[in-house]
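S.K.:
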Ligand code: IPE
Ligand code: IPE
Ligand code: MG
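Residue numbers (the working numbering): 291 to 514.
1) Residues in its own chain within less than 8 angstroms of residue 306 by CB, not counting five upstream and five downstream?
2) Compute the Euclidean distance between the alpha carbons of residue 500 and residue 485, then round it to the nearest angstrom.
3) Once the 5 residues before and after residue 362 are set aside, which same chain residues still bring their CB inside 6 angstroms of it?
4) When burial is assigned at 16 or more other CB atoms within 10 Å of the CB, is residue 393 buried or exposed?
5) Cβ atoms of residue 462 and residue 479: under 9 angstroms apart, would you say?
6) Taking 8 angstroms as the limit between beta carbons, can you name the residues of its chain near residue 324, skipping five residues before and five after?
7) Run the proximity test for residue 321: is its beta-carbon closer than 8 angstroms to any non-hydrogen atom belonging to ligand 1?
8) Taking 8 angstroms as the line, does the beta carbon of residue 464 fall inside it for any heavy atom of ligand 3?
9) Are the beta-carbon atoms belonging to residue 268 and residue 385 less than 9 angstroms from one another?
10) How is the beta strand (DSSP E) around residue 483 delimited, first residue to last?
11) With hydrogens ignored, establish whether the beta-carbon of residue 346 is closer than 8 angstroms to any heavy atom of ligand 2.
12) For residue 467, count neighbouring Cβ atoms within 10 angstroms of its own Cβ and tell me buried if that reaches 16, exposed if not.
13) Quick one: using the 10 Å Cβ neighbour count with 16 as the cut-off for buried, is residue 448 buried or exposed?
14) Among all residues, which have a Cβ less than 5 angstroms from at least one non-hydrogen atom of ligand 1, and in what chain order do they fall?
15) What first and last residue would you give for the beta strand (DSSP E) that runs through residue 419?
16) Going along the chain, which unbroken runs of the beta strand (DSSP E) with 3 or more residues stay wholly within the segment 333 to 411?
17) Report whether the distance from the Cβ of residue 511 to the nearest heavy atom of ligand 4 is below 8 angstroms.
18) Assuming the contact rule is C-beta atoms closer than 8 angstroms, residue 457 and residue 357 should be a hit. Round their C-beta distance to whole Å, please.
19) Find out if the Cβ-Cβ distance for the pair residue 375, residue 395 is shorter than 9 angstroms.
20) Anyone know if the C-beta pair for residue 459 and residue 481 falls short of 9 angstroms?
So, in structure tokens, the structure goes:
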């Protein structure tokens, strides 16, 4: 069965570039193309939710040059993809503390979110300035003054992922086998898939391999 929600930790851009004796930013530029291919492949396969880890709360540790390049790339991606999203029924969504992102990016995101809000094909969620620990702490602050009857529901509604199903599968490229502060609460019963392929080499074939692996899994959720 095709998973309803695929979440991806897009990793390995820097190593892809280093292998080619290119500056790291070239890896990010190639990574943006992989994002386009992946969104297209998921849409074609009828996936309803695709969540991409694009910038973590820890990625601020990187150089200003690299961070600025990533943001300018994101700005270009959003501008370049708006028409495609509208044409193909792709709804844009974000998780993470967007208020910490540059104003021009926030403006672009808000505009596309508004324009694509009625669409019901694929929901593309970009995790930006996202970290699970930050998300959980913000959620706890939101509900701490209330005394909800159903604490689990109130807590889940206070998470950035409110209204989203938990990921069925979390894919990580580049051979690293960790979650790096991504969807820690939501990953409780997600299937995990790791591949050595570096993110800039990612595309339809890799998604197909991940989904073939997913199809062979026995999801028991604590039952039989
Ligand atoms: C992933 O590639 C992109 C982001 C984290 C934004 P990396 O930049 O982490 O690439 P490696 O891990 O250094 O190869
Ligand atoms: C995770 O990759 C973050 C994103 C893909 C945005 P990192 O490259 O930042 O993770 P670590 O540092 O290897 O754990
Ligand atoms: Mg990395």
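Even for Gly, the Cβ is constructed at its ideal location relative to N, Cα and C.
M.R.: Concretely, from the data shown:
1) 317, 320, 321, 488, 489, 490 and 491
2) 8 angstroms
3) none
4) exposed
5) no
6) 300, 489, 490, 491, 492 and 493
7) yes
8) yes
9) This structure cannot settle anything about residue 268, because the visible part of the chain is limited to 291 through 514.
10) 481 to 484
11) yes
12) exposed
13) buried
14) 301, 302, 303, 304 and 305
15) 413 to 420
16) 339 to 346 and 381 to 385
17) Questions concerning ligand 4 fall outside what the structure shown contains, since the ligands it does hold are ligand 1, ligand 2 and ligand 3.
18) Rounded, the Cβ-Cβ distance is 26 angstroms, inconsistent with contact.
19) no
20) yes
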